[in-house]
Amino acid sequence: MKNTTEYAGFIPPRHPLTHVMGQTLTEKILDDHLVEGELTPGEEIGIEIDQVLTQDTTGTLVWLQFEALGLEEVQTELAAQYCDHQTYQFDFKNTDDHRFLRSAAGTFGAHFSRPGNGICHNVHKENFAAPGKTMLGSDSHTPTPGGLGELAIGSGGLDVAVAMGGGAYYIEMPEVVNVRLEGELPEWATAKDVILELLRRLSVKGGVGKVLEYTGPGVETLTVPERTTITNMGTELGATSSIFPTDDQTKDYLERLGREDVFEDIGPDEDAEYADEIVVDLSDLEPLIAEPSMPDNVVPVSEVEGVDVEQVMIGSCTNGAYEDILPAAKMLEGRNIDKKTEMIVAPGSKQASEMLAREGWTAEMMAAGVNFSEATCGACIGIGHVPASDSVSLRTFNRNFEGRSGIEDDNVYLCSPEVATAAAIKGEIVDPRDLADELGDLEAPGLEMPDQYIGNSESDLIAPDQAVDDELIKGPNIGDVPLKDPLETEVGGEALLKMEDNITTDHIIPATQDILMYRSNVPKLSEFTLSRVDDTFAERALEADGGVLVAGENYGQGSSREHAALCPMYLGIETVLAQSFARIHKANLFNFGIVPLTIDEETYEKIEEGDDIEVVDDAAEAVRSGQEEFTIRVNDDWEATGQLDASEREREILAAGGKLSHTKQQHDEG
Ligand code: MIC
Ligand code: SF4
């Protein structure tokens, strides 16, 4: 049997636990886990990972890559495999994936959460999140447990596989920004409004390269479930992570979960120095809403009152917990929802469903006209409950990218459970304060936690020592992970597609059911690459046998799905020229051997689709030697500069043709 820790980059001795004064909480946790580098913003650091999380749509690649690396056993303190995104199993391919994941968790030593047991972030938060730990997860909302003082980061699946095998996780040291909370939330304003306010101020790229650390007197007024709504949706700001200190609220929450033993009193030093400070006075907040189709299109609800609403959905990893559904139930007690509005509750976990059912709230909501879904991501990625064409859907989710709901001409608004429920009652968007005035007997529900959370059934959350499989089960839907050859000397080709700003990974590889079932079958999945932007793309890319993508700012924002890099790689894309990149996607491009070059606005404006792009320098040599500026020749006519912002390690990975080839090479050499 191979010793899994033999791999290059696989855990040198850990940094001693010394704290210099003046550290932020983020720096303290990173310092405790540092295995390489220094905590200087912008510099690459390597950290040890305590916990990992993966889910069904990114998890199959995680384990296939874990296997391809020759790894045989999970080395982190804890690993958990959840099945949450596609739990309806419309197709045997979904079920094949789930069975493979159960077998992988059993074979390699991870906890396994069955389909229907709940959304990874909800189940993880309740069962495993612990202050002071580091976590890596192959899902962009991994930072959710930051609400309990855990430093959790989203990444591509390959990084998760390596971390799970005992390897360090490498990341650019983020800037730590102080989000100082003052005051207390007034009635009808919620944690969702805190994060929507930050999105309104900072935009979907305002958090790139940053960890948002919450401090100030407002912190203690927020319960842990409220904090995790905020840390969850920090992802929409592009932030690396978001974190709260721990306090009596954290202790209280852990006690209700029966997990008080993991409590640790942690926070920043009093004289901690932050890169920047943002002050939010909670008492100034009012109900807010993100208009279609970007999470930062935020306005006060009062500005959009009167818009007809055909669908209301409560759920997702942001607002799908018991504490999010209970306010809706209380508001609906003894009322009916509007006749032309459908209201669906998709609990974030089976536990939440069970508690609501046991307490009679499910019956109360059903009597009001609500339908219940199983605990799943589902509709959040366009699986089930697709809105009617050109209709308005109000959702408590975190993303409303165009088409993500499963229909191109969607109008999805994002808001708190209170605002969503008010709209279901009235049949149109309404500020709940106005609805309360109108109805006379509608009270602000506030946030309430159960005295004691009920635990998961041991067959829904299967511990590694209870595993049912000890070998991998690969049905016909489970393919191989393609490998790329080392970087060539000549890189370039036709500019196959020119895209605008804020292109999401949902544009690159959509997550709807017809496509999602091929997440473990890369050749088939590749056929859908960028089909939402141009349905001829995949065919043209294959025909051209290589080529270039051109994009504006924040290319690849949104999810962690590495398929958004792997599929373009499979189609022969060698480089992406963009004005800027989203953090996880850029890391995924390195991991799959695609060269991400940053171009300025003038170059972006000048390049046209169909242009012939040639990287003039010997690409392999230039990448290896640390060259930062690359000359790009367009149509043999004019030249521009592309910037490669990459660490030495990332350059080695690129040159090797991606991280899988690189890690294998290192192993063969060592
Ligand atoms: C999402 O919210 O977009 C997803 C689906 O959870 C993704 C993961 C995936 O694509 O499987 C994410 O956020 O990383
Ligand atoms: Fe699931 Fe939606 Fe959360 Fe992604 S954002 S993990 S799809 S609930």
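Numbering (our numbering), first residue to last: 233 to 902. By construction, the Cβ of each residue, glycine as well, lies at the ideal position given by its N, Cα and C atoms.
Exposed unless 16 or more other CB atoms sit within 10 angstroms - verdict on residue i
i	result
Ser335	buried
Asn734	buried
Asp900	exposed
Ser621	exposed
Asn867	exposed
Phe324	exposed
Pro273	exposed
Asn568	exposed
Asp777	exposed
Gly397	buried
Asn643	buried
Met233	Caution applies to Met233, whose pLDDT of 28 falls short of 50 and renders its modelled position unreliable; the model cannot decide the point.
Ala589	exposed
Lys891	buried
Trp295	buried
Ala240	The predicted position of Ala240 is uncertain, since its pLDDT is 41 and thus under 50; a value taken from the coordinates is nonetheless stated next. So Ala240 ends up on the exposed side.
Ala607	buried
Ser515	exposed
Cα-Cα separation, residue i to residue j
i	j	result
Glu275	Met405	5 Å
Glu680	Gln481	13 Å
Leu809	Thr455	43 Å
Ser387	Met598	39 Å
Lys572	Ala471	38 Å
Pro244	Leu430	Low confidence applies here, because Pro244 scores a pLDDT of 49, under 50, leaving its location unreliable and the question unanswered by this model.
Val267	Val394	15 Å
Asn235	Lys716	Any reading at Asn235 needs caution, since the residue's pLDDT is 36, under 50, leaving its predicted position unreliable; the model's value is listed next. Approximately 26 Å between the Cα atoms of the pair.
Asp316	His894	31 Å
Gln789	Gly566	42 Å
Glu759	Thr807	19 Å
Glu840	Met801	22 Å
Glu509	Arg433	13 Å
Cys352	Tyr314	5 Å
Near the ligand SF4: residue i beta-carbon under 7 Å from a heavy atom
i	result
Phe629	yes
His330	no
Ile845	no
Cys612	yes
Ser345	no
Cys549	yes
Check: residue i C-beta below 7 Å from any heavy atom of the ligand MIC
i	result
His353	no
Gly338	no
Gly790	yes
Val609	Rather than Val, the amino acid found at residue 609 in this sequence is Cys. Cys609: yes, Cβ under 7 Å from the ligand MIC.
Ile569	no
Cys315	no
Gln744	Per the sequence shown, the amino acid found at residue 744 is Thr instead of Gln. Thr744 Cβ: outside cutoff for every heavy atom of the ligand MIC.
Gly386	yes
Thr258	no
Arg764	no
Arg412	no
Arg815	no
Thr289	yes
Arg881	no
Residues bridged to residue i (per DSSP)
i	result
Thr830	Ala810 and Gln875
Leu626	Val544 and Tyr645
Lys730	Val782
Asp503	In DSSP, Asp503 forms no bridge with anything.
Val440	Ala471
Asp508	Val409
Leu693	Ser345
Thr755	According to the sequence shown, residue 755 is Pro rather than Thr. Its beta-bridge partners do not exist; DSSP assigns none.
Distance cut-off 7 Å: residue i Cβ against heavy atoms of the ligand NAP
i	result
Asp371	With respect to the ligand NAP, the structure shown offers nothing to examine, as its ligands consist of the ligand MIC and the ligand SF4.
Within-8 Å CB hit, residue i to chain B
i	result
Ile845	Absent from the structure: chain B. Only one protein chain is present.
Between the stretch 430-447 and the stretch 462-478, can you find at least three pairs of beta-carbon atoms closer than 8 Å? yes
Within 8 Å, do at least three Cβ pairs link the stretch 712-726 to the stretch 614-633? no
Three-pair Cβ contact test at 8 Å for the stretch 677-691 versus the stretch 553-560: yes
Using a Cβ distance threshold of 8 Å, determine whether the stretch 253-266 contacts the stretch 338-358, with at least three qualifying pairs required. no
Would the stretch 743-756 and the stretch 362-373 be scored as touching if the rule is three or more Cβ pairs under 8 Å? no
Within the chosen definition, does the stretch 817-835 reach the stretch 690-702 through at least 3 CB pairs nearer than 8 Å? no
Does the pairing of the stretch 523-530 with the stretch 632-640 give three or more beta-carbon distances under 8 Å? yes
Counting pairs of Cβ atoms below 8 Å between the stretch 880-889 and the stretch 855-870, do you hit three or more? yes
Decide yes or no for the touch test of the stretch 283-291 against the stretch 368-381: beta carbon pairs closer than 8 Å, at least 3 of them. yes
Is it a yes or a no for the stretch 574-585 touching the stretch 539-548, going by three-plus beta-carbon pairs under 8 Å? yes
Does the contact criterion of 3 or more C-beta pairs under 8 Å hold for the stretch 648-660 versus the stretch 529-542? yes
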